[in-house]
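Numbered by the UniProt record's numbering, the letters in the sequence shown go through residues 1 to 634 in order. We put the beta carbon where it would ideally sit given N, CA and C, even for glycine.
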Amino acid sequence: MAGTDKPGRVDLVLEQALGCSGAVRGALATCQGGSILYPANAWVIMSSEGDPTKQAFLRGHDSCVSCLASTASGSMAASGESGKASDVVIWSLQTMTPIFRLCEHTFGVSCVAFSQDEKLLVSTGNVQDRKVVVWDTSSGCIVASTRLEPRPCIAAAWAPVDGALYRFALVGEQGQPENNVFLYTVNPYEGTIECERFRSGQVQRSYTSALFSPDGQLLLCGTTSGDVITYAVPARVLQEVIPVCKGAVTGVQGPAPNGEYLVSGVDGGVFLMNSSPGLPYAQGKFRTPGVLDIRKPPPLVKLSGEVTSLSYLPGSEDALAMTAEGGLYRVSLDGDAGMLREHHSAAVTACAFSPSNPDVAATCSKDSSVILWNLNDYSALFKATVKSAGAALCVCLVDSVLISGWEDGQLRGHSMATGELIWTIKDVHKGGITAVTASHNETFIVTGGEQGTVRVWDAQTRGMVVELRQHTKRITGLEVFVGDEAVLSCSRDESFIVWDVRKGCCLSAHRTKMGYLNGVALAPDQVQVVTVGSDKRISFWDLREKNPLQVIPDAHGAEGMCIAMSPDGSMFATGGVDQVIRLWQFETGSLLSEVFGHSATICSLKFSPSGKQLLSAGADGMLAVWAFTSNAIV
């Protein structure tokens, strides 16, 4: 074999990205025409509310997207990122390309917001950055900037445009002894910016959100104390404290065409408010005309997990809600809530295809959940969470059961039909189950553990058949030979071993000279093996030879974490810490294609049984579905 550094003409085409950064507050944006925007680690995904298969990907950040906003017309969006090199990007939503890259913040961007006429954008830095900058969206130039108050800034909101002056509010955590709600006035023609503090008397709060009423007379602020505080904007003074929910208010949105507001809470509740005069208060009192009122003390709907983002659908009385657990819901004002999409909320640790159905796949995550996916419409058939089990570390699909290995050392089986937990094997591996696979005839299951043991389990009785001990560190990969008589395991102890399952003995053992192994792939001829590991290399082995036949040095820019072989053995894929997926020709070791597939470490790769698709799972919480160009199989 002779490797080459020249990529071939093969392309990996991203069909779908399944993931979202649900923990980013206020980062769900809705646009005219039913489009929605949300962050997914360092990406921004634009999707159709009614058809999740329609996606576009905005890639312009190196670090996690920390804030997101769109214009009311849906012509532009802006995103900011965390980290030291923290840029703000203004996007055209027509061309899906950056219009401007704004490089003024240094240590992180906390908020972005467009003025209501879409001519200005405000961006705020974090506590270290201490900047508030107003930008001209037509030129990308700075209109005005000043020292940031409050610090930290949690939310930003623009008032309706009134003449030549623009106003926006910034709110933050509780100030001592003064209030942390500020009104900024910008004169874009003179480049001036002034800041005033709202007065709150003895009321001290930490704020989570901000919204102006349509006439600009009221500023509505959600708080961590579970209330909404309204400020009279002309007088710059607190007007009303309205209790809403237990725990923090996470957002206030509206009004809808009927004048009603929605308030979301950390407890998963979505509450209804209105601004019609003369309506009764929850406790039987009456409020001053024109001041907001709680119409229903109980939540309108109760969602699973903290509601982190809430946004009305333009032209509709319905809203979309995003939760920290990765759920996207459509909420109607009559009290109905429907799940639109479901995602993981933390790193996706492994992925697997159904061996008999290429349209079904599974993932597991550090968020203590497993998801079974329908790849026809990219919906979650079910999401099962075991909160007390720690991270779900590995997964495989057998017959009608989703099998997963967990950090608590237990192996769990969920029904693929219902998502119900139907069986558990306790104490499978001390320290956690790090790898799992099944025999081709589905009669036994093989697991590997944190401490290096490999164990074989009867699929029917779920009793242990044999224990295989020789590795001394974490098992990072398992493969079952055709015929189901032998198993291949690789480990962080720098070795891979072929085991006789029936006799429970080692048939052969190979050891690398540099670095530990993170992944292994067995070729269809059952003789050749490919490994990746911490040395950044790809090594080709013949099980009948002691040393590797070929090594591709620096196959990745950082540690290689995973590898997958195509069903016909013509090619294999690798991924790792450098976030790049590389596709290689197996026969020659030639590089066929490469793509930046994720914004964090790639943890797992799997080919579909047909060889027409590739799954990649990342520490960015994403499952990516890839297709090949027509000349990919060579």
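Check: So what's S388 in DSSP terms, helix, strand or just coil?; Outcome: helix
Check: Helix or strand or just coil, what does DSSP make of E49?; Outcome: coil
Check: So, using beta-carbon positions, are S139 and V109 closer together than 7 Å?; Outcome: no
Check: When DSSP builds the beta bridges, which residues end up paired with R197?; Outcome: F182
Check: Which stretch, first to last residue, makes up the beta strand (DSSP E) that contains D136?; Outcome: K131 to D136
Check: Below 7 Å between beta carbons: does that hold for F168 and Y184?; Outcome: yes
Check: Report buried or exposed for W91, applying the criterion of at least 16 other Cβ atoms within 10 angstroms of its Cβ.; Outcome: buried
Check: Quick check on the DSSP output: the beta strand (DSSP E) that includes F596 runs from which residue to which?; Outcome: L591 to F596
Check: Note down the Cα distance separating N220 from D336, rounded to an integer number of angstroms.; Outcome: According to the sequence as given, residue 220 is Leu; it is not Asn. Whole-angstrom Cα-Cα distance: 25 Å.
Check: Distance check for K119 and E240, CA to CA, integer angstroms please.; Outcome: 32 Å
Check: By how many angstroms is the C-alpha of G533 removed from the C-alpha of F572?; Outcome: 15 Å
Check: Would you kindly work out how many angstroms separate the C-alpha atoms of L37 and Y261, rounded to a whole number?; Outcome: 21 Å
Check: Is there contact here, the segment 537-547 with the segment 466-485, by at least three beta-carbon pairs under 8 Å?; Outcome: no
Check: Pull up the distance between the alpha-carbon of L375 and that of S213, whole angstroms please.; Outcome: 43 Å
Check: Please list the terminal residues of the continuous beta strand (DSSP E) segment that includes P39.; Outcome: S35 to A40
Check: For K366, name the three-state secondary structure that DSSP assigns.; Outcome: coil
Check: Under the assumption that A347 contacts S365 (Cβ atoms under 8 Å), give the Cβ distance between them as a whole number of angstroms.; Outcome: 6 Å
Check: Are three or more beta carbon pairs between the segment 193-202 and the segment 152-164 nearer than 8 Å?; Outcome: no
Check: For A509 versus D500, is the C-beta distance shorter than 7 Å?; Outcome: no
Check: Going by Cα to Cα distance, which pick from G575, E545, S566 and P548 is closest to G557?; Outcome: G575
Check: By the three-class DSSP mapping on this structure, what secondary structure does A256 have?; Outcome: coil
Check: Between the alpha carbons of A352 and K387, how many angstroms are there, rounded?; Outcome: 22 Å
Check: Provide the residue span of the beta strand (DSSP E) that contains G125, from first to last.; Outcome: L120 to G125
Check: Would you mind giving the Cβ-Cβ distance between P609 and D568, rounded to the nearest angstrom? I have them listed as a contact below 8 Å.; Outcome: With a Cβ gap of about 11 Å, P609 and D568 do not count as contacting.
Check: Specify whether the segment 584-593 and the segment 311-331 touch according to this definition: at least 3 beta carbon pairs, one from each stretch, less than 8 Å apart.; Outcome: no
Check: Could you tell me if I229 is buried or exposed, where buried requires 16 or more neighbouring beta carbons within 10 angstroms of its beta carbon?; Outcome: buried
Check: Is the beta carbon of V186 less than 7 Å from the beta carbon of Y207?; Outcome: no
Check: For P565, which residues in the same chain have their Cβ closer than 6 Å to its Cβ, ignoring the five residues on either side in sequence?; Outcome: Per the sequence presented here, residue 565 reads as Met, with Pro not at that position. Once the five neighbours on either side are set aside, the close Cβ partners of M565 are A521 and F572.
Check: Under a CB-based cut-off of 7 Å, is L165 close to chain D?; Outcome: Reference to chain D is not applicable here, since this structure consists of a single protein chain.
Check: Could you check whether C20 and H440 sit closer than 7 Å to each other, using their CB atoms as the reference points?; Outcome: no
Check: Helix, strand or coil for A321, going by three-state DSSP, please let me know.; Outcome: strand
Check: Could you spell out the range, first to last residue, of the beta strand (DSSP E) harbouring C141?; Outcome: From DSSP, C141 is part of no beta strand (DSSP E); its letter is neither H nor E.
Check: Per the DSSP calculation, H414 is bridged to which residue(s)?; Outcome: L402 and L421
Check: Go ahead and pull the three-state DSSP assignment for L93.; Outcome: coil
Check: By a C-beta neighbour count over all protein chains shown, 10 Å radius and 16 as the cutoff for buried, is S356 buried or exposed?; Outcome: exposed
Check: Return the Cβ separation of A384 and G419 in integer angstroms, given the expectation that the two are a contact with Cβ distance under 8 Å.; Outcome: 5 Å
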